[in-house]
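Residues in the sequence shown are numbered from 229 upward in steps of one, following the numbering used here. Notes follow the structure.
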Amino acid sequence: MIRTTLSLVDCTVESNRSIRFDSPVRRRTARVVDRLLVIAVCLLIATSLVPAVVASSAGDAGGDLATGSDDLEEALVDGDEPIELVVRFKEPDLPNDPDVVEERLETHADDTQQPLLEYAESTPGVDVEETFWVANAVVLTVDPDRVDLAAFEQFDDVEEIHENFELAVPEEPPEIDESNETADERTTWGLEATNVPTVWRTHETRGEGVRVAVLDTGIDVDHPDLELYTDDPSDPTYPGGWAEFDETGERVVGSTPHDTGTHGTHVSGTVAGGASNGTAIGVAPDADLMHGLVLEETGGTFAQVVAGMEWAVEADADVVSVSFGTTDRHHQLIEPVRTVDRSGAVVVSSIGNEGHGTSGSPGNVYESIAVGAVDEDGSVPEFSGGERIDRAEWEEPPAEWPETYVVPDVVAPGVAIESSVPGGYESMPGTSMATPHVAGTVALLRSIDPGASSEAISTTLRETAWKPDGTSTEVDTRYGYGIVDAAAAADELAAAAGETDVEIDTDPGSGTDGAANDDSLEQPRESADRDEARTDVAFAVAGLALLAIVAVVLAFAGRTRE
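Here it is in structure tokens:
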């Protein structure tokens, strides 16, 4: 940022006093010339400052192209095999209205990506695999022997190139047998611990009218406890409720629902499973369950995950449940998570199974509701992740994020969780199992108050969470705000909806839905960049006005002396 201070000395022009004037007319003429010179110089200086200040406040849009990792550069320089890479473009400014977010993003993506698409079409060695708008990105296959990475610097809207990296299904931690379930019980211990049956009875909803998109390894639709949403029951591809994406993010045409492992069927059951064996396994069994296959048995690529998120938004999902990730901070996932959030859907994501002091993306992206695990005694198991995150640890984090925040936001049952798997039932541990408890709870809340914003829902979940006796009452890196209480959250949201007719506004730039943080850590949610630009322009205008005033004063002073 350029800050320029002008003094009156800067705008003083002295006439050459050695020049002799032989008549009053000439002396008056000389004084007029002096004053005109003063005014001209002042205006010249002031007007030259405005574009400089404005340009500096807008930020440096140029510079070297970020490549995301040294491995990618080495692959392009030294490799002899085609490589998949993701080209990222500038994000647009978005309005406050979630209803127009999708259209604005699609239009912006079309405009900014077109030059690259034309280049790829005419350039041997560059093939377009898929385009996205939920993250303004294009997946390419590039032959490093024929294409230099520097060639992409010609596109003004390209901000970064990174690998089509993988996100993993979390490794299952050791099983901890804490289930006290008997044949007489009607729900799993996880549903009881989160007070789900109370919501069913008190608010008379089991998630009706809410769409939940689970992004995972797939789903066994033949399981008696699972019913997948579809626009056409006669179509085996389950249109509207099922999609499969390959590693480049392209949708697999003609794909029918299946699970590449067991993980996706298990988490889907916890979200919306039934009770065919006499025990209810799903938090929101009447919700419209959708499933996007974005992972193989052990993991999937960035392009697959982004494709799944884009599909979920296009299908008007109200909740997106994500039980996977990649450890540490991966800024490439910030934009897609924020886009889903701005569309009005709530992103619920596991924090990871690497233990205390760790977290994974997209769970640690601020706009996600990050979920850790607890056991039946209300204790956080060793495998559950959690840490305090500094904003500065991210590469180019959004300006409105707080300086620090805590993950997870909340915790939920994640040990000995009984749910559906292909061909039957199985007990599994993990933050992956905790996440669908929260996603299902969000579905119940959305069913109670369909107009509630994602911010209102996440705030309600945090404010109504509880901690066992003997634990800290402060937000911490083990429990976050505490254990989710579906009944308390439902009561609070219903009361708020009944007490006011004013709809809570969803500010797409605010993003308070994500990882937990103390009130003392909250930061203003306005764009610092825009404030900075306004300040710089104000300085320039003020300087111009000051110089004009000085010039006028000098002119009048000269007239008075005459």
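Even glycine gets a Cβ: it sits at the ideal position worked out from N, Cα and C. Because the structure is a prediction, the values reported are computed rather than measured.
Checklist line | Start-to-end residues for the alpha helix (DSSP H) that takes in TYR834 | finding: Only positions 229 to 790 of the chain appear in the structure, and residue 834 is not among them; the question remains open.
Check: Roughly how far, in whole angstroms, is the beta-carbon of PHE393 from the beta-carbon of THR586, given that I think they are within contact range, below 8 Å?
Finding: That pair is no contact at about 18 Å.
Check: According to DSSP, what are the bridge partners of MET796?
Finding: There is no way to answer for residue 796, as the model of the chain reaches only from 229 to 790.
Next item on the list: Leaving out five residues on either side along the sequence, give the residues of the same chain with a beta carbon under 6 Å from the beta carbon of THR416.
Entry: The beta carbon of THR416 sits closer than 6 Å to those of ILE509 and GLU646, all from its chain and outside the five residues before and after it, given in chain order.
Checklist line | ARG316 - partner residues in DSSP beta bridges | finding: Bridge partners of ARG316: ALA365 and GLU388.
Next item on the list: Quick one: grab the DSSP three-state call for HIS584.
Entry: strand
Item checked: Cβ contact check for the stretch 456–463 and the stretch 615–628: 3 or more pairs under 8 Å -> no
Margin query: Taking the straight line between their C-alpha atoms, what separation do you get for ALA545 and SER675?
Written below: 13 Å
Check: So ARG616 is in the alpha helix (DSSP H); what residue range does that whole segment cover?
Finding: Counting along the chain, ARG616 falls outside any alpha helix (DSSP H), though it belongs to the beta strand (DSSP E) covering 615–618.
Next item on the list: Spatial neighbours of THR427 within its chain, please: CB distance less than 6 Å, with the 5 preceding and 5 following residues excluded, ordered by chain position.
Entry: For the sequence presented, residue 427 should be read as Val rather than Thr. Taken in chain order, the residues that qualify are LEU672, ALA714, ALA715 and ALA718.
Item checked: Spatial distance of ILE597 from VAL499 (CA atoms) -> 15 Å
Note to self: Short of 8 Å in beta carbon distance, which residues of its chain neighbour GLU582, apart from the five on each side in sequence? Order them along the chain.
What the structure shows: Within the same chain, and ignoring the five residues on either side of GLU582 in sequence, the residues whose Cβ sits closer than 8 Å to its Cβ are THR555, GLY588, PHE611 and GLY613.
Next item on the list: For ASP463, decide whether its Cβ has a neighbour in chain C, counting only Cβ atoms nearer than 9 Å.
Entry: Looking at the structure shown, chain C is missing, and only one protein chain is on hand.
Check: How should THR701 be labelled, buried or exposed, when 16 other C-beta atoms within 10 angstroms of its C-beta is the threshold for buried?
Finding: With fewer than 16 neighbouring CB atoms inside 10 Å of its own CB, THR701 falls in the exposed class.
Check: How many Å lie between GLY477 and PRO452 at the Cα?
Finding: 30 Å
Next item on the list: Could you name the residues of the same chain whose beta carbon sits closer than 7 Å to that of THR335, not counting the 5 residues immediately before and after it, in chain order?
Entry: none
Next item on the list: Decide yes or no for the touch test of the stretch 420–436 against the stretch 684–691: beta carbon pairs closer than 8 Å, at least 3 of them.
Entry: Between the stretch 420–436 and the stretch 684–691 there are fewer than three C-beta pairs closer than 8 Å, too few to call the two in contact.
Note to self: Let's test the definition: count the other Cβ atoms within 10 Å of the Cβ of ASN592 and tell me whether it reaches 16, buried, or not, exposed.
What the structure shows: By the 10 Å Cβ count, ASN592 comes out buried.
Next item on the list: Quick one: give me the first and last residue of the alpha helix (DSSP H) that ALA638 is part of.
Entry: In the sequence as displayed, the identity of residue 638 is Val instead of Ala. Counting along the chain, VAL638 falls outside any alpha helix (DSSP H), though it belongs to the beta strand (DSSP E) covering 638–641.
Notebook entry, point to check: Which residue's Cα is closest to the Cα of VAL438: VAL643, TRP470 and ALA543?
Noted result: ALA543
Check: What span of residues does the beta strand (DSSP E) with GLY497 cover, start to end?
Finding: Unbroken run through GLY497 is the alpha helix (DSSP H), 491–500; no beta strand (DSSP E).
Item checked: ASP746 - DSSP class collapsed to helix/strand/coil -> Interpretation of ASP746 is limited by its pLDDT of 35, a score under 50 that renders its predicted location unreliable; no figure is taken from the coordinates.
Checklist line | Between the CA atoms of GLY652 and TRP629 - distance to the nearest angstrom | finding: 44 Å
Notebook entry, point to check: Which residues in the same chain have their Cβ closer than 8 Å to the Cβ of LEU456, if we skip the five residues on either side of it in sequence?
Noted result: ILE447, VAL449, TYR466, GLY469, TRP470, PRO485, LEU517, MET518 and HIS519
Next item on the list: Could you pull out every residue in the same chain whose Cβ sits closer than 7 Å to the Cβ of PHE383, ignoring the five residues on either side in sequence?
Entry: PRO343 and LEU344
Next item on the list: Assign TRP694 to buried or exposed, taking buried as 16 or more other Cβ atoms, counted over all protein chains shown, within 10 Å of its Cβ.
Entry: Counting every other CB atom within 10 Å of its CB across the protein chains shown gives TRP694 a total below 16, marking it as exposed.
Notebook entry, point to check: Quick one, which of LEU322, ALA725, TYR633 and VAL511 has its alpha-carbon nearest ARG414's?
Noted result: VAL511
Next item on the list: Mind checking who GLY708 pairs with in its DSSP beta bridge?
Entry: According to the DSSP secondary-structure assignment, GLY708 is paired through a beta bridge with ASP704.
Item checked: Reduced DSSP category for PHE383 - H, G, I as helix; E, B as strand; rest coil -> coil
Note to self: Three Cβ pairs or more, each shorter than 8 Å: is that satisfied between the stretch 322–330 and the stretch 345–353?
What the structure shows: Touching, no, given that fewer than three Cβ pairs across the two stretches are closer than 8 Å.
Next item on the list: Classify SER647 as helix, strand or coil using the three-state DSSP reduction.
Entry: For SER647, the three-state secondary structure derived from DSSP is strand.
Next item on the list: Assign ARG429 to one of two classes, buried (16 or more other C-beta atoms within 10 Å of its C-beta) or exposed (fewer than that).
Entry: exposed
Note to self: Classify ALA723: buried if its beta carbon has 16 or more other beta carbons within 10 angstroms, exposed otherwise.
What the structure shows: exposed
Next item on the list: Can you give me the start and stop residues for the alpha helix (DSSP H) that LEU344 sits inside?
Entry: 329–350
Note to self: Let me check understanding here. Comparing Cα to Cα, which of ASP373, ASP339, VAL670 and PRO372 lies closest to THR359?
What the structure shows: ASP339
Next item on the list: Report all residues from its chain with a CB closer than 6 Å to the CB of ARG566; omit the five preceding and five following residues, and keep chain order.
Entry: If we look at ARG566 and ignore the five residues flanking it on each side, its Cβ neighbours are GLU595.
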